[in-house]
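**Q** Using this note's numbering, read the sequence shown as starting at 17 and increasing by one per residue.
Before I ask anything, here is the structure I am working with.
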Amino acid sequence: TAFGAPVFVVYGMANGDTKSRLVVDLRMINRVVVPDSYLFPLNRSITEKLRGKTRITAM
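Put into structure tokens, the structure is as follows:
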């Protein structure tokens with residue numbers, strides 16, 4: 017792809033054991049990503065729309 021990000025393995029101690037984890041540096045990609053300005057609906061507005069309904073489906 018046109019985008020790539022450096023990947024590192026970081027070692028640390030957890031409960032006396034040496035653990036490793038994969039870390040991805042996404043700062044360069046985050047600079048070019050356009051933020052999504054869509055706001056999720058509030059739970060209250062969703063429940064108001066569903067009030068009185070007998071069936072709820074999802075795909």
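Cβ atoms here follow ideal geometry from the backbone N, Cα and C, with glycine treated the same way.
(1) Given this structure, state the Cα-to-Cα distance separating residue 44 from residue 24, to the nearest angstrom.
(2) In whole angstroms, what separates the C-alpha of residue 32 from that of residue 40?
(3) DSSP puts residue 33 in a beta bridge; with which residues?
(4) Could you give the DSSP three-state label for residue 49: helix, strand or coil?
**A** Let me spell this out:
(1) 15 angstroms
(2) 25 angstroms
(3) 30
(4) coil
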